Amino acid sequence: MPDYFRAGCVCAEKITNNYKSHKKREAFLKNKSVRKAKWLAKRWGQNSLGSFYCTKEGHNILLFKDPHKPRYFWKIDKQPVSKWYTDLQVAKRDIWYYMEMQRQPNKW
148 MPDYFRAGCV
158 CAEKITNNYK
168 SHKKREAFLK
178 NKSVRKAKWL
188 AKRWGQNSLG
198 SFYCTKEGHN
208 ILLFKDPHKP
218 RYFWKIDKQP
228 VSKWYTDLQV
238 AKRDIWYYME
248 MQRQPNKW
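My numbering numbers the first residue of the sequence shown as 148 and each following residue consecutively.
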């Protein structure tokens, strides 16, 4: 049997007698979900070589397309930080995860 259980925000408040942290956590997770959805729906620019680019929080993000194979590689501010991807949406998702990890301790 697990040492945890799931509860909604209101129930969690009543169980723990903490009426602030659960609402903050729920708001944080909802905002994160909205940011991810907007990122995945974002329109990227495309250059003549078929590579994609965008700017986020002052950082240049380049998603390079291999001219010989259907695969992609990405860089942020001219620093390579990824592996090869065969799916463009998976590459964009991983870029989002990378940016979220950089955002947490305010690394940007």
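Where is the CB? At the ideal position from N, CA and C, for every residue including glycine. Bear in mind that the values here come from a model prediction, so they are computed numbers and not experimental data.
Neighbour-count burial assignment, residue i, 16 or more Cβ in a 10 Å radius
i      : result
ALA184 : exposed
TYR244 : exposed
Bridge partner(s) assigned by DSSP for residue i
i      : result
CYS201 : ILE208
PRO227 : LYS222
TYR245 : Paired residue(s): none; TYR245 is not in a bridge.
GLN193 : PHE199
Own chain partners of residue i with C-beta closer than 7 Å, once the 5 adjacent residues on each side are dropped
i      : result
ILE242 : ILE208 and TRP221
CYS201 : LYS189, TRP191, GLY192 and ILE208
Own chain residues within Cβ distance below 8 Å of residue i, not counting five before or after
i      : result
LEU187 : GLN236, LYS239, ARG240 and TRP243
GLY197 : LYS212 and PRO214
Beta carbon of residue i nearer than 8 Å to that of residue j
i      : j      : result
ARG250 : TRP231 : no
MET246 : LYS203 : yes
Sequence-distant residues of the same chain with beta carbon closer than 6 Å to residue i, five excluded per side
i      : result
PHE199 : TRP191, GLN193 and LEU210
ASN178 : none
THR233 : ARG218
Inter-stretch contact (C-beta, 8 Å, three-pair minimum) for the stretch 172-180 and the stretch 199-213: no
The stretch 222-229 / the stretch 181-197 touching (three or more Cβ pairs under 8 Å): no
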